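Reading through the structure tokens given below for one structure.
There are 8 protein chains.
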Amino acid sequence: MNEVLDLGYARVDIGREARQGLPEVVYGPGKTVDQIAGIVTGLLEHNTGPVLVTRVAPDTAAAVLGRVDSGSYDEEARLLLWRPAAASGFSVVVAAAGTSDRPVAAEAGAVATAVGLDTTAVHDVGVAGLERVLQVRGLLRSADAVIVVAGMEGALASVVGGLVAAPVVAVPVSTGYGASLDGVTALLAMLASCAAGVTVVNIDSGFSAAMAVHRIARSRRATDPGGIR
Amino acid sequence: MNEVLDLGYARVDIGREARQGLPEVVYGPGKTVDQIAGIVTGLLEHNTGPVLVTRVAPDTAAAVLGRVDSGSYDEEARLLLWRPAAASGFSVVVAAAGTSDRPVAAEAGAVATAVGLDTTAVHDVGVAGLERVLQVRGLLRSADAVIVVAGMEGALASVVGGLVAAPVVAVPVSTGYGASLDGVTALLAMLASCAAGVTVVNIDSGFSAAMAVHRIARSRRATDPGGIR
Amino acid sequence: MNEVLDLGYARVDIGREARQGLPEVVYGPGKTVDQIAGIVTGLLEHNTGPVLVTRVAPDTAAAVLGRVDSGSYDEEARLLLWRPAAASGFSVVVAAAGTSDRPVAAEAGAVATAVGLDTTAVHDVGVAGLERVLQVRGLLRSADAVIVVAGMEGALASVVGGLVAAPVVAVPVSTGYGASLDGVTALLAMLASCAAGVTVVNIDSGFSAAMAVHRIARSRRATDPGGIR
Amino acid sequence: MNEVLDLGYARVDIGREARQGLPEVVYGPGKTVDQIAGIVTGLLEHNTGPVLVTRVAPDTAAAVLGRVDSGSYDEEARLLLWRPAAASGFSVVVAAAGTSDRPVAAEAGAVATAVGLDTTAVHDVGVAGLERVLQVRGLLRSADAVIVVAGMEGALASVVGGLVAAPVVAVPVSTGYGASLDGVTALLAMLASCAAGVTVVNIDSGFSAAMAVHRIARSRRATDPGGIR
Amino acid sequence: MNEVLDLGYARVDIGREARQGLPEVVYGPGKTVDQIAGIVTGLLEHNTGPVLVTRVAPDTAAAVLGRVDSGSYDEEARLLLWRPAAASGFSVVVAAAGTSDRPVAAEAGAVATAVGLDTTAVHDVGVAGLERVLQVRGLLRSADAVIVVAGMEGALASVVGGLVAAPVVAVPVSTGYGASLDGVTALLAMLASCAAGVTVVNIDSGFSAAMAVHRIARSRRATDPGGIR
Amino acid sequence: MNEVLDLGYARVDIGREARQGLPEVVYGPGKTVDQIAGIVTGLLEHNTGPVLVTRVAPDTAAAVLGRVDSGSYDEEARLLLWRPAAASGFSVVVAAAGTSDRPVAAEAGAVATAVGLDTTAVHDVGVAGLERVLQVRGLLRSADAVIVVAGMEGALASVVGGLVAAPVVAVPVSTGYGASLDGVTALLAMLASCAAGVTVVNIDSGFSAAMAVHRIARSRRATDPGGIR
Amino acid sequence: MNEVLDLGYARVDIGREARQGLPEVVYGPGKTVDQIAGIVTGLLEHNTGPVLVTRVAPDTAAAVLGRVDSGSYDEEARLLLWRPAAASGFSVVVAAAGTSDRPVAAEAGAVATAVGLDTTAVHDVGVAGLERVLQVRGLLRSADAVIVVAGMEGALASVVGGLVAAPVVAVPVSTGYGASLDGVTALLAMLASCAAGVTVVNIDSGFSAAMAVHRIARSRRATDPGGIR
Amino acid sequence: MNEVLDLGYARVDIGREARQGLPEVVYGPGKTVDQIAGIVTGLLEHNTGPVLVTRVAPDTAAAVLGRVDSGSYDEEARLLLWRPAAASGFSVVVAAAGTSDRPVAAEAGAVATAVGLDTTAVHDVGVAGLERVLQVRGLLRSADAVIVVAGMEGALASVVGGLVAAPVVAVPVSTGYGASLDGVTALLAMLASCAAGVTVVNIDSGFSAAMAVHRIARSRRATDPGGIR
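Protein chains in written order, with UniProt numbering: chain A, 1 to 229; chain B, 1 to 229; chain C, 1 to 229; chain D, 1 to 229; chain E, 1 to 229; chain F, 1 to 229; chain G, 1 to 229; chain H, 1 to 229.
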């Protein structure tokens with residue numbers, strides 16, 4: 001019964017952290033400053049780990065930070081954050097194909113860092129310039145997991161999936177025009193990828209990719225000698 | 001240069017095993033018995049790990065097994081296999097929503113086992129009977145990773161994603177009729193899932209889900225004290 | 001011939017109430033304040049039951065209320081209302097998956113109340129937190145009918161459809177992004193639901209769901225001992 | 001724990017009848033004669049109400065009936081049935097637009113009758129011949145609920161929805177060619193219907209429409225003086 | 001060679017009138033006031049029949065009328081017009097299903113009148129109120145052709161197609177929401193209509209429907225005793 | 001009341017001929033030889049004009065002709081016909097783009113002839129060989145109406161629509177592969193045609209195109225001096 | 001007027017060769033042996049260059065070759081050919097991603113050779129094994145044009161487009177399953193390619209890709225010193 | 001390693017010019033004035049050929065030109081340009097179907113000119129007025145390549161493809177409404193074109209069409225006697 005905090009305008013799942021070991025992340029759009037501040041305050045009080053609000057516009061962010069102390073805001077990632085997790089030693093590389101993919105890559109990176117992953121970003125790794133991919137091959141291969149962020153035809157997921165042995169989580173991006181179909185083409189292409197074992201999350205969802213890697217990192221720690229849950 | 005074995009009818013990537021630590025899996029459809037036998041023989045000779053051929057019909061499988069010794073065939077999974085990997089101690093549960101999802105779940109399970117995962121299957125875990133889901137909650141939570149196999153509306157991915165902390169890889173299945181759109185509805189629903197960090201592979205691709213978990217398991221072992229690559 | 005009231009800019013169906021026992025509900029978008037006021041006045045004069053105008057913006061609503069007495073406006077539901085029906089004793093629960101589903105749930109609830117249903121709303125009942133669903137299981141089971149309002153993957157319809165015996169009317173919501181496809185994914189998923197006998201109305205149409213339940217409630221009263229038509 | 005009967009090849013939900021008051025209906029496709037016979041036997045033993053298997057081909061049906069006594073088979077509806085419910089007095093009219101809609105209408109009618117509804121079928125009620133619709137207007141208006149079965153453009157749902165006050169459940173049918181898009185056009189048209197409160201089920205799912213009406217009928221009985229649950 | 005008038009910014013087809021007997025109609029969007037005025041002036045000079053510009057915003061229309069004498073503007077239809085044709089005695093009824101269909105119906109009516117058809121408009125003829133359809137049955141049957149304008153599920157085309165023997169041209173309208181898919185549902189439904197011989201034009205194209213009827217009217221006059229071409 | 005002939009397996013609309021002046025055409029698929037023979041016999045008895053059954057396979061046709069005298073069968077058009085109408089003097093040209101469009105063109109031509117139109121067919125009029133189009137320009141311009149039958153990109157509709165003043169009815173054909181999308185591309189292209197007043201019927205529906213022209217021809221005769229209705 | 005050879009069942013464009021310098025290629029499906037033989041005989045007689053029939057099944061091919069001398073048949077490409085053109089010195093490489101792409105690549109190669117291009121085929125050049133791509137980089141860069149044949153996600157087009165300066169024509173292939181959508185995904189991905197100036201032809205149309213390169217080769221020869229037309 | 005210029009906010013591919021002989025073109029949207037100026041400066045310094053930025057709004061263009069000398073801006077084409085290439089003698093005609101296609105045609109023309117092609121533009125060449133097409137037939141046939149720019153049904157690609165022997169690159173345009181589907185209809189129609197060897201680029205991508213022709217022109221020069229690379 002104490003899993004849910006009822007604020008009237010929202011019934012917050014304060015039990016997820018204990019139940020799943022994952023933060024209950026707040027989706028910003030459609031919520032007022034009051035509502036966000038209230039939910040965040042509730043989570044800070046009843047949970048002990050990081051508190052995140054995604055897709056927050058700058059003015060909303062400033063207003064919320066004015067009410068709830070000790071938070072920070074990443075404007076490119078549009079992420080509000082309190083109590084970031086300590087670094088876990090699990091490394092993730094966020095590789096983005098083009099300049100237009102940056103905001104989504106930023107969200108993936110900021111969320112990944114917030115939940116304790118060691119995050120490295122590389123940009124402009126388009127497959128039409130294989131040299132730029134090959135340049136970062138070593139970096140990609142050294143990572144515990146790779147998040148690939150790409151719009152248009154999304155081919156980077158297949159190329160990276162064929163280069164590394166680690167888990168690859170692909171994020172299609174709604175950039176491009178015409179046949180890009182607002183990210184649907186990249187989504188389909190990533191799912192149809194010829195590279196075995198590449199997985200995909202929703203269009204533009206840098207957040208979900210980071211959480212997928214967080215699950216992987218937690219899974220590892222859970223069974224490591226000395227790992228904690 | 002010795003990464004590719006040229007058989008005339010196929011240029012086999014015999015370097016993937018060393019390069020990525022992943023088996024080069026053969027996609028059966030469209031290949032003759034001769035071609036499959038030739039490719040398998042090449043992989044057995046130049047690689048040291050498991051050799052898999054997916055989506056093989058029973059009569060083709062029998063003919064291939066008649067030419068290449070020591071293989072086995074899983075009819076429900078339609079998988080041909082040589083040299084399965086030793087058990088790694090990484091556990092995966094394959095949870096299927098309905099009876100129609102069984103063949104896909106079987107492929108996921110057979111491939112997972114072939115690459116060394118400790119695989120457990122549970123069936124008929126449809127969300128329209130929550131009791132059946134809650135019954136296996138303990139099993140799901142004990143797994144290092146969960147593969148969810150579901151057609152129709154694919155809601156099981158969201159429910160499981162909300163129950164466990166481990167990585168969840170969802171496989172949409174092309175069962176159902178009408179609005180199921182040959183698996184596209186389940187695919188879209190799994191991608192739009194309200195459970196954070198659930199990832200998705202192609203429709204009916206039990207194989208790809210198993211390989212995704214194999215990447216996760218390898219990632220863990222790679223950094224474990226005493227882990228081997 | 002007296003079924004239609006011709007106002008020049010509209011031919012109002014003033015016979016539906018007598019013919020079907022259902023109110024002729026006015027769809028607000030695209031109509032001027034003058035037109036809405038004229039149609040409402042006509043319906044108030046020629047009919048005896050509730051008069052509703054849906055999807056009305058606040059300023060339009062205020063202007064109409066300034067011309068036609070005794071009405072009220074529900075801003076969250078965007079509903080203008082005159083002469084609400086007396087409570088009928090038929091209970092409906094409106095269950096919404098997430099915060100973004102609130103406006104649609106509000107329309108469903110406001111229309112349901114306007115036509116005489118005993119309406120209860122529950123929010124934040126997402127399937128990624130089954131505890132929140134199970135908490136309200138008793139409430140859901142006590143209802144004469146349930147309206148499920150959900151965007152994203154719309155899985156709540158399947159879960160509720162498996163929990164209760166009463167009629168379940170599902171409303172897909174155009175929230176979410178990417179693979180949510182503006183509500184089409186939830187729509188398809190609800191139609192493909194594994195729960196037998198769940199029915200679906202148009203995307204975002206809280207109004208239509210409420211009217212569907214109104215038909216059910218009327219159907220019951222029609223044959224109840226002492227029921228009136 | 002005794003909600004599920006584990007047969008190895010299936011985990012049967014034998015608790016639904018008690019839990020929801022709805023029969024656990026078996027979906028036939030993909031199941032062997034042995035499996036169907038086993039599941040039916042289990043349901044007959046652990047439940048007390050009707051047992052149904054949908055979409056069964058004639059030869060499979062004959063084989064199953066040879067193993068499990070006292071069942072019957074409706075070839076047009078492709079339905080296997082044991083222990084039909086007693087008539088409940090709740091009347092439903094199944095109205096089909098064209099000859100091609102007959103198999104789906106037959107399934108709706110057979111399932112409705114099996115669960116105890118008083119079922120009447122009318123055929124060839126296409127809107128391109130309004131006389132045929134108007135001829136049966138009295139019959140339609142006398143029903144406690146109407147199931148509309150229509151392919152092509154599915155316009156019958158709107159017309160009937162405007163004629164009767166009772167609940168209308170529309171079933172799109174995958175007949176027609178070209179722009180009919182295998183039933184998707186009728187599905188979309190029924191959802192976009194201008195008649196308020198019409199609800200829709202999956203393409204070709206006569207079964208689901210009947211179950212939706214069964215929920216309505218049960219809802220009524222549940223609160224009738226003397227009604228039983 | 002004198003079929004084309006080259007204005008630099010446009011190569012105007014001044015030969016269509018003589019070649020086809022149809023006016024060369026100017027599509028307004030994307031053209032400046034200068035360009036529209038120039039093209040209209042050219043057509044007035046080199047042709048003898050009506051000159052039309054479609055989809056013109058009020059302020060653009062006013063500016064053009066200030067430069068080119070003797071024109072008129074129909075704001076609801078968004079049509080600029082010079083030299084309307086004399087009445088031909090060929091009657092067309094433009095029947096619109098709902099209030100939202102009015103602008104499209106207005107364009108159809110204004111263009112039809114401009115090219116010499118005797119045009120009558122009827123509104124609010126939705127199939128959910130068959131009485132309103134039956135009321136105007138006599139009017140519909142007396143017409144030489146009928147244009148049906150309908151959004152949402154577009155069922156009016158089927159109903160009218162079954163009531164009259166005359167040519168029926170259906171115009172789907174991009175009103176409605178959700179499953180209406182911006183007019184695509186009405187388009188598909190009209191094409192899949194069960195009424196034989198109903199034809200369809202592009203979504204929202206009242207203009208094209210009027211031109212289709214104009215072709216029919218011309219075809220008749222061409223072979224009438226005393227008809228002129 | 002005598003508008004409908006109830007045969008048990010079908011309720012035949014025997015009133016359409018008198019009501020609309022159009023034949024009630026029977027759609028063959030899904031009907032048995034017995035059913036077709038019964039319906040045809042009923043129409044022959046109660047109506048006086050042509051009786052048509054579309055999309056009939058050769059063996060079914062032979063069996064029906066063995067039971068109902070005086071009919072004929074057009075194998076390419078797959079049309080069964082009794083009592084063809086006398087020639088009306090209204091000319092229609094059926095122009096087909098490619099060889100694959102022939103069956104649909106054949107249905108259009110056979111139905112057109114059956115209802116009394118003077119029908120001429122021209123084939124292989126693809127726009128990639130404009131010479132072939134220009135060769136038949138005179139023929140096209142002499143027709144009272146033109147039916148354009150084209151698959152792939154359907155461009156012939158636009159070209160013919162720009163060449164003739166008469167009504168043009170376009171039939172998209174489900175030939176071609178890949179991007180032809182089973183006729184949907186031709187359908188969309190014809191609707192988006194730059195030629196004003198071209199109308200479109202369902203994919204592959206030569207029948208509906210012929211009926212559309214029949215409506216046009218009747219419309220003309222209805223008001224001709226001496227015309228009868 | 002002598003541009004068209006009328007054979008009754010076909011009007012053959014015998015003028016294209018002189019008019020465009022391109023062969024009039026016959027599309028085989030739907031044509032009888034008699035028709036193909038007749039058309040080929042006509043083209044051989046009235047034209048002087050190569051005569052091709054595409055997509056011909058082996059038995060049909062054998063029958064045609066039995067009637068028309070001096071032809072040859074490529075079974076993998078399903079191409080019938082008479083009078084192949086002399087080698088022109090223009091080189092094209094046909095690069096195919098996977099084994100399943102072979103039939104389409106074979107058609108591209110066979111048609112390219114037939115019209116005089118120097119054709120080289122490379123297979124199994126999937127982007128998930130970049131080594132295999134890089135191995136053939138020199139070959140790709142030496143070509144005057146490259147045809148890329150790929151199904152699934154079609155990423156090879158982007159990679160090759162970024163490696164070579166020559167024209168790249170991409171052919172999407174309808175292999176793969178699920179999210180491959182019968183080649184639509186590869187089609188969209190190739191169109192949305194991040195490599196500038198890559199062009200695309202229809203799904204599976206190896207023929208059209210070869211003809212596109214033929215146009216390029218002719219364009220070059222047309223202006224070469226000593227080039228012939 | 002010196003292939004990439006790392007500016008922090010972008011990793012610029014300064015090696016493409018040497019590697020492929022093609023300019024590295026900058027995609028403007030989403031980049032700030034600072035970023036564009038920085039990238040352009042880098043390309044001017046490290047490359048020797050033309051530098052282009054596409055899809056730049058006028059105010060952004062003015063600001064960039066204020067920082068980087070010697071550039072020019074084509075407002076209709078929205079193209080920023082430095083160091084245009086010398087004329088190569090390879091001629092391309094850009095043919096646009098309608099007025100709305102002008103901006104895309106302008107981009108194609110401006111990019112083509114920038115990379116050294118001799119560019120001629122013709123407008124208003126719609127297939128509904130074949131005379132306008134035939135008028136420019138000579139011009140089209142004299143070109144070394146043709147770019148066809150068309151929205152709506154895109155039929156111009158097929159017609160031009162049948163008129164000329166040279167390479168034809170088709171650009172679908174997102175003009176039109178309703179069934180034009182934002183350019184998707186033209187895209188599909190161009191791909192399904194009955195004219196052999198027509199190739200297609202992404203919707204609205206005049207840039208990509210020009211680059212495709214640039215590849216063709218380079219290919220020719222590469223092997224011309226005296227040609228340089």
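Glycine included, each C-beta is placed from N, C-alpha and C at the ideal position. It should be emphasised that the depicted structure is a prediction, and the values quoted were computed from it without experimental measurement.
Contact belief for residue i with residue j at Cβ below 8 angstroms, rounded distance in angstroms
{"i": "E:R132", "j": "E:L163", "result": "13 angstroms between Cβ atoms; not a contact."}
{"i": "G:A97", "j": "G:L52", "result": "At roughly 25 angstroms, the Cβ-Cβ gap does not stay under 8 angstroms, so G:A97 and G:L52 are not in contact."}
{"i": "H:G206", "j": "H:V111", "result": "7 angstroms"}
{"i": "H:R55", "j": "H:R78", "result": "5 angstroms"}
Cβ-Cβ distance between residue i and residue j below 8 angstroms
{"i": "G:G89", "j": "H:R215", "result": "no"}
{"i": "E:I39", "j": "E:A85", "result": "no"}
{"i": "F:D124", "j": "F:V173", "result": "no"}
{"i": "B:G161", "j": "B:V168", "result": "yes"}
{"i": "B:T60", "j": "B:V94", "result": "no"}
Neighbour flag for residue i against chain C, beta carbons, 8 angstroms
{"i": "A:D124", "result": "no"}
Residue i to residue j span [Cα, whole Å]
{"i": "G:L22", "j": "H:A165", "result": "7 angstroms"}
{"i": "H:D13", "j": "H:D6", "result": "9 angstroms"}
{"i": "G:M211", "j": "H:A145", "result": "14 angstroms"}
{"i": "H:Q20", "j": "G:A195", "result": "11 angstroms"}
Below-8 angstroms beta-carbon distance, residue i vs any chain K residue
{"i": "G:E3", "result": "Of the protein chains in the structure, A, B, C, D, E, F, G and H, none is chain K."}
Beta carbon proximity, residue i to chain G, threshold 8 angstroms
{"i": "B:S174", "result": "yes"}
Test: residue i CB closer than 8 angstroms to a CB of chain A
{"i": "G:A10", "result": "no"}
{"i": "C:Y177", "result": "yes"}
Short CB-CB distance (under 8 angstroms) between residue i and chain D
{"i": "F:D69", "result": "no"}
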